[in-house]
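Structure first, commentary second.
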Amino acid sequence: MANIIQRPSYLNDAEGFHPLMEVSDWFNHFGMRPFFRNMETAPQIKMNLTESEKSYLVHAEVPGVNKDDIKVTVDGNRVSISAEVKQEKEEKKGDKVLRRECYQGSNYRSFTLASNIDEGKVQAKYTNGILELILPKKNGSAQKEIAIS
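Per the numbering used here, the sequence shown runs over residues 3 to 151.
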């Protein structure tokens with residue numbers, strides 16, 4: 003059975019190379035991959051945000067982080083979550099270390115809400131890699147429609 007090799011589309015284009023193409027497309031078209039694509043990076047903080055009449059509820063994924071390495075700050079209607087990530091992997095064969103990889107870094111996520119938060123009543127809980135924040139709205143901070151004269 004013969005191997006069929008498909009020529010990349012940029013070789014068939016009458017226009018040839020496009021200098022304004024995306025960098026990732028450029029690497030893909032020329033059969034190269036950036037060296038950093040295989041490197042492990044710190045997991046990003048992903049989150050779900052829901053709103054009720056009296057509060058906001060945040061579920062943020064912060065896997066592989068110690069509870070003491072997570073910091074949450076609230077300033078008015080701005081919420082920030084930061085986490086220090088430390089990962090170590092070691093591969094041994096008997097007593098001989100074949101490979102040791104370490105990663106240390108930080109993740110940060112900040113967002114703005116429509117209402118100010120009552121900082122004194124904020125609740126935070128971290129279980130199984132999920133940070134749960136209950137952010138009560140301040141009284142009197144509800145939206146008010148302004149009459150235009």
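Ideal Cβ positions, reconstructed from N, Cα and C, are used throughout, including at glycine.
Predicted, not measured: the structure shown is a model, and the values here were computed from it.
query: Boundaries (first-last residue) of the beta strand (DSSP E) holding Gly107; result: Lys98 to Thr114
query: Supposed contact pair Ile136 and Leu59 - C-beta distance, whole angstroms, cut 8 Å; result: 6 Å
query: Cβ neighbour criterion (16 or more within 10 Å) applied to Gln46; result: exposed
query: Asp120 (DSSP reduced to helix, strand or coil); result: coil
query: Pairwise C-alpha distance: Lys56 and Gln106; result: 38 Å
query: Counted within 10 angstroms of its Cβ, other Cβ atoms place Lys139 as buried (16 or more) or exposed; result: buried
query: Ser117 to Thr75 span [Cα, whole Å]; result: 16 Å
query: Inter-residue Cα distance where the pair is Thr114 and Lys73; result: 17 Å
query: Assigned exposure category for Leu133 - 16 Cβ within 10 Å defines buried; result: buried
query: Cut-off 6 Å between Cβ atoms - residues of its own chain near Lys91, not counting five sequence neighbours on either side; result: Glu103
query: Limits of the beta strand (DSSP E) - the one that Gln89 falls within; result: Arg80 to Lys95
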